[in-house]
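Trainee: Top line first, the protein sequences correspond to chains U and A.
Position 75 of the first sequence, counted from 1, bears residue number 74 in numbering that gives the first Met the number 0, the numbering being contiguous throughout.
Position 26 of the second sequence, counted from 1, bears residue number 25 in numbering that gives the first Met the number 0, the numbering being contiguous throughout.
In this text, a Cβ means the ideal position worked out from N, Cα and C, and glycines have one as well.
In this text, all values refer to a predicted model and were calculated from it rather than measured experimentally.
Below is a structure I'd like to ask you about.
Number of protein chains: 2
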Amino acid sequence: MLNNQAPLDLVFQALADPTRRIMVERLSRGPAAVSELAKPLAMSLSAVMQHLQVLETSGLVRTEKVGRVRTCQIEPVALQTAEHWINERRSLWERRFDQLGDYLAAQDDDPDSK
Amino acid sequence: MLNNQAPLDLVFQALADPTRRIMVERLSRGPAAVSELAKPLAMSLSAVMQHLQVLETSGLVRTEKVGRVRTCQIEPVALQTAEHWINERRSLWERRFDQLGDYLAAQDDDPDSK
């Protein structure tokens, strides 16, 4: 079971850093060359490349080198996997609260409870 | 700006571990005592407490000690913050693809492009 969860480990780990979230945010708006991705970030190109490596390993970003330019783009499936996981937990939690609400409403209608 | 993002760092970091995700999953179904939370996990109670500490620090879980029993419950706001962040990025990405689709359809209709 833990093996199946490894991609989620990597995706959440990748998203746990503000610089990497800025990079994902930028790439959600469209592909970008590494140099463009690095421009708003106050760090060396080598540090940017390390963050990019984490994003690639997690499956959130794909890069491709054409000539001398490496272009990066988002891989939506990884982001969807993380979103789906959180969504499912929220549904569970909301369902439980709905049930609690129904129970309390039923108690309210029950003359024995008054 | 980075300070505002600290909670997201902690939430994604907390979710990057399969044991902690199992704990969040369990608590999405309702509150539980620490001993109950530990039952399906093949680890010492002290290891469970460490994971619980990470979840508490991230804001995903709240615990309360009444007498000798510590009860844990989910704090949905932290989960919603993470969900919202991913959601927004997906919307950006989908909007870009819609625009690309519109552009290609317009090119298709344009007799000059044939």
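Determine contact between the region 33-40 of chain A and the region 91-104 of chain U, defined as no fewer than three beta-carbon pairs at a distance below 8 Å.
Mentor: Too few Cβ pairs lie closer than 8 Å, so no.
Trainee: Pick out the complete beta strand (DSSP E) segments inside the region 7-89 of chain A, 3 residues or longer, and give them in chain order.
Mentor: Segments of the beta strand (DSSP E) lying fully in the region 7-89 of chain A: 60-65, 68-73.
Trainee: Taking its Cβ as the centre, do 16 or more other Cβ atoms sit within 10 Å of Leu44/U, making it buried, or is it exposed?
Mentor: It counts as exposed.
Trainee: Please return the same chain residues whose Cβ sits closer than 7 Å to the Cβ of Arg25/U, not counting the five positions on each side in sequence.
Mentor: So the list reads Ala31, Leu36, once near-sequence residues are dropped.
Trainee: Expressed to the nearest angstrom, what Euclidean distance is found between the alpha-carbon atoms of Val23/U and Asp8/U?
Mentor: Taking the straight line from one Cα to the other gives about 17 Å.
Trainee: Within the same chain, show all residues whose beta-carbon is closer than 8 Å to that of Ser27/A, passing over the 5 residues directly before and after it, in chain order.
Mentor: The answer, listed in chain order, is Ile73.
Trainee: Would you say Val23/U lies against chain A (beta-carbon separation less than 9 Å)?
Mentor: Output row for Val23/U: interface = yes.
Trainee: How about Gly29/A: is its C-beta nearer than 9 Å to some C-beta of chain U?
Mentor: Chain U contact via Cβ: present.
Trainee: Could one say the Cβ of Asp101/A lies closer than 9 Å to chain U's Cβ atoms, at least one of them?
Mentor: By this cut-off, Asp101/A is not an interface position.
Trainee: Residues of chain A with CB closer than 8 Å to the CB of Arg61/U, please, in chain order.
Mentor: Those do not exist, as Arg61/U stays about 13 Å from chain A at its closest Cβ, beyond 8 Å.
Trainee: Does the beta carbon of Ala32/U come closer than 9 Å to any beta carbon on chain A?
Mentor: Answer no: the Cβ-Cβ gap between Ala32/U and chain A never drops below 9 Å.
Trainee: Closer than 9 Å, CB to CB, is Asp108/A near chain B or not?
Mentor: In the structure shown, chain B cannot be found, because the protein chains are U and A.
Trainee: Does Ala81/A get closer than 9 Å to chain U when you measure Cβ to Cβ?
Mentor: It does; some Cβ of chain U falls within 9 Å.
Trainee: For Thr80/U, collect the residues of the same chain with a Cβ closer than 7 Å to its Cβ; drop the 5 residues on either side in sequence, then sort them by chain order.
Mentor: Around Thr80/U: Pro6, Leu7, Val10.
Trainee: Determine whether the Cβ of Gln12/A lies closer than 9 Å to any Cβ atom of chain U.
Mentor: With 9 Å as the cut-off, Gln12/A counts as an interface residue toward chain U.
Trainee: Taking Ser57/A as the reference, which of Leu103/A, Ala104/A, Gln12/A, Asp108/A has the closest Cα?
Mentor: Measuring from the Cα of Ser57/A, the nearest candidate turns out to be Gln12/A.
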